[in-house]
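Reading through the structure tokens given below for one structure.
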Amino acid sequence: MNTAPQEIAYYLERLFPISRSITGNGNRETLKILNEIIPLNISEVASGTRVYDWEVPKEWNIRSAWIKNNMGEKIIDLVDSNLHIVNYSIPIHKKMSLTDLSSHIHFFKSQPDVIPYRTSYYQENWGFCISYNSYKKKFADDTIYEVFIDSDLKPGSLTLADFLINGSSSKEYLFSTYFCHPSMANDNLSGVLLSAFLARELGQMKLKNSYRFIFIPETIGAIAYCALNESSMKKIIGGYVLSCVAGKGMYGYKQTFFENHLIDRVVHQTFKESGIDYITYPFIPQGSDERQYSSPGFRIPIGSVHKDKYHEYKEYHTSADNLNFVNGEAILKTLEIYLSIINKLEENSIVLSLNPNCEPQLGKRGLYPSVGRRTMNINKSNENVEADSENIELDTILWLLFYGDGNSSILDICEKHQLHFNNTLKIAKKLEQKGLLKLSFNC
Ligand code: ZN
-16 MNTAPQEIAY YLERLFPISR SITGNGNRET LKILNEIIPL NISEVASGTR VYDWEVPKEW
44 NIRSAWIKNN MGEKIIDLVD SNLHIVNYSI PIHKKMSLTD LSSHIHFFKS QPDVIPYRTS
104 YYQENWGFCI SYNSYKKKFA DDTIYEVFID SDLKPGSLTL ADFLINGSSS KEYLFSTYFC
164 HPSMANDNLS GVLLSAFLAR ELGQMKLKNS YRFIFIPETI GAIAYCALNE SSMKKIIGGY
224 VLSCVAGKGM YGYKQTFFEN HLIDRVVHQT FKESGIDYIT YPFIPQGSDE RQYSSPGFRI
284 PIGSVHKDKY HEYKEYHTSA DNLNFVNGEA ILKTLEIYLS IINKLEENSI VLSLNPNCEP
344 QLGKRGLYPS VGRRTMNINK SNENVEADSE NIELDTILWL LFYGDGNSSI LDICEKHQLH
404 FNNTLKIAKK LEQKGLLKLS FNC
């Protein structure tokens, strides 16, 4: 592991203030910064390009936005938070009463201290977001307000990026994240930085599988990427959407539509081995970009490890999803979980006994404990640690040889017998060295 939490925190702080959307210069600036972590392949798709049933929208850029009261005081200013503007607001400069203005002001009465996050991508509109407490303090019925939004909504392009890591086999897995949200940390700077640092870690390893990392604006970016890379995407075996990965709550896992695909099983095995409690969420056709990747034409099984999952935490889509809610340590912890998941995708192998006719004699190969052993059901608390690990090793040897008919993988055996993946793999490699087992990477 070459990633330190301080380095992740440094990028969190740099990326957090940037105004991002589904298009625009904030997205380019974000990718330019991520390019310091991994060399991204960045591309632009022109506004108006047809991508399946959708069309790439006009490009949006915002320079300034405020509302002044009749004393000339700015009572909302984009400078204070880029959540103050409804994302994709069209330009306006007008004086108006609160009656005319009120349908363009958004707040949460139930969470009076936070600024909500609002967008209007596909319907030309404008608006401001404010905390309910500020709204009550700063707005009055009998005042005329001056409203100013200096934005562009005109033909331009949508920015996409990917990073491909080639392993020794042609099997390819997908990691996708979206970077279209402005200043919010869990949704989804946590996913963006997890992706970048995970890609950097994998880029430094010798790998069997190939991995495709995609950085896109959610929904339209995923659709555009699929349309422009259709044949490559249709070859992908499975993958993960990295979204909301470092909040303060519990871990969760949103399953693939298969529910028990290898993509799911390596996640469950990893959580079980780590002793971390987590919530399992069934697949539903709502959520993030798994909706596109798992659609009938692609049918890529996609899972997502969350902490906390979107819609499940009160800070979600508000100004409270900030750098107090997410830190470098939490992102690093989820990165470690993903490295453990990937280790299983890399190492899971079919076991084939090279001595299938009755048991091989373990003793003459130094594989049987020299002193008599316990029976397999003995209460482990009565055993000393050394004898216990020797017994686990013998049990594992016996299971590996027993399942060596070419129909079971290391993961199958670990799941059935509550064994630790890496320990079982180590013992399987030892049996391979002794000429008793053949491991083939074909899962
Ligand atoms: Zn979101």
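Okay, so the sequence shown: first residue is -16 according to the working numbering, each after it adds one. Cβ coordinates follow ideal geometry from the N, Cα and C atoms, glycine included. Being a predicted model, the structure only gives us computed values, none of them experimental.
Under DSSP, the alpha helix (DSSP H) around residue i begins and ends at which residues?
i       : result
Glu12   : 8 to 17
Ala207  : 203 to 211
Ala(-7) : It should be pointed out that residue -7 corresponds to Tyr in this sequence rather than to Ala. Where Tyr(-7) is concerned, the enclosing alpha helix (DSSP H) stretches over -12 to -2.
Arg274  : 273 to 276
Leu81   : 81 to 84
Ser134  : No alpha helix (DSSP H) holds Ser134; the beta strand (DSSP E) holding it covers 127 to 137.
Glu155  : Note, Glu155: premise wrong, no alpha helix (DSSP H); beta strand (DSSP E) at 155 to 161.
Lys255  : 245 to 257
Lys120  : 115 to 121
Asn169  : Premise fails: Asn169 is in no alpha helix (DSSP H) and is neither H nor E.
Here's a check: name, in chain order, each residue in its chain whose Cβ is nearer than 7 Å to the Cβ of residue i, leaving out the five neighbours to either side.
i      : result
Pro352 : Glu373, Leu377
Asn360 : Here Asn360 scores only 49 on pLDDT, less than 50, and its place in the model is too uncertain to base an answer on.
Ser44  : Strictly speaking, residue 44 in this sequence is Asn, with Ser absent from that position. Gly7, Asn8, Ser134, Asp135, listed in sequence order.
Ser30  : Val39, Pro40, Lys41, Glu42, Pro138, Gly139, Ser140
Leu344 : First, the amino acid is wrong: residue 344 is Gln here, not Leu. So no residue of the chain qualifies.
Ile262 : Met233, Gly235
By Cβ distance below 6 Å, which residues in the same chain neighbour residue i in space, the five residues on each side in sequence not counted?
i      : result
Ile88  : Phe111
Leu147 : Arg195
Ile259 : Tyr234
Lys347 : none
Thr202 : none
Glu298 : Asp304, Phe308
Ala144 : Leu14, Leu23, Ile25, Phe198
Arg46  : Asp133
Thr407 : Thr379, Ile393, Cys397
Thr32  : Val39
Would you check if the distance between the CB atom of residue i and the CB atom of residue j is smaller than 8 Å?
i      : j        : result
Gly230 : Val130   : no
Ser80  : Val97    : no
Pro284 : Gly221   : yes
Pro0   : Ser166   : yes
Asn192 : Leu328   : yes
Leu136 : Tyr71    : yes
Ile132 : Trp109   : yes
Gln187 : Asn(-15) : yes
Leu422 : Ser336   : no
Tyr264 : Val288   : no
His403 : Glu256   : yes
Give me the Cα-Cα distance between residue i and residue j, rounded to the nearest whole angstrom.
i      : j       : result
Ser2   : Pro40   : 18 Å
Lys119 : Tyr296  : 25 Å
Ser173 : Ile58   : 31 Å
Asn171 : Leu17   : 14 Å
Leu177 : Ile324  : 14 Å
Met54  : Lys78   : 13 Å
Val224 : Gln275  : 11 Å
Ser302 : Pro99   : 6 Å
Gly270 : Thr160  : 13 Å
Ile20  : Tyr(-6) : 9 Å
Asn65  : Thr102  : 12 Å
Val175 : Ala205  : 14 Å
Glu342 : Lys412  : 18 Å
Val250 : Lys292  : 16 Å
His76  : Trp49   : 10 Å
For the beta strand (DSSP E) that residue i lies in, which residues bound it at each end?
i      : result
Asn44  : 42 to 51
Gly222 : 221 to 224
Gln148 : In the sequence under discussion, the amino acid at residue 148 is Ile, which differs from the Gln named in the question. 140 to 148 is the span of the beta strand (DSSP E), which, as asked, contains Ile148.
Leu402 : Taken as a continuous stretch (DSSP letters only), Leu402 belongs to no beta strand (DSSP E), as it is neither H nor E.
Gly389 : 388 to 392
Arg195 : 193 to 199
Inset, instruction - Report yes or no: do three or more beta-carbon pairs, one from the stretch 210 to 225 and one from the stretch 274 to 288, lie closer than 8 Å? - result: yes
Inset, instruction - State whether the stretch 235 to 251 contacts the stretch 177 to 186, with contact taken as three or more CB pairs (one from each stretch) at a distance under 8 Å. - result: no
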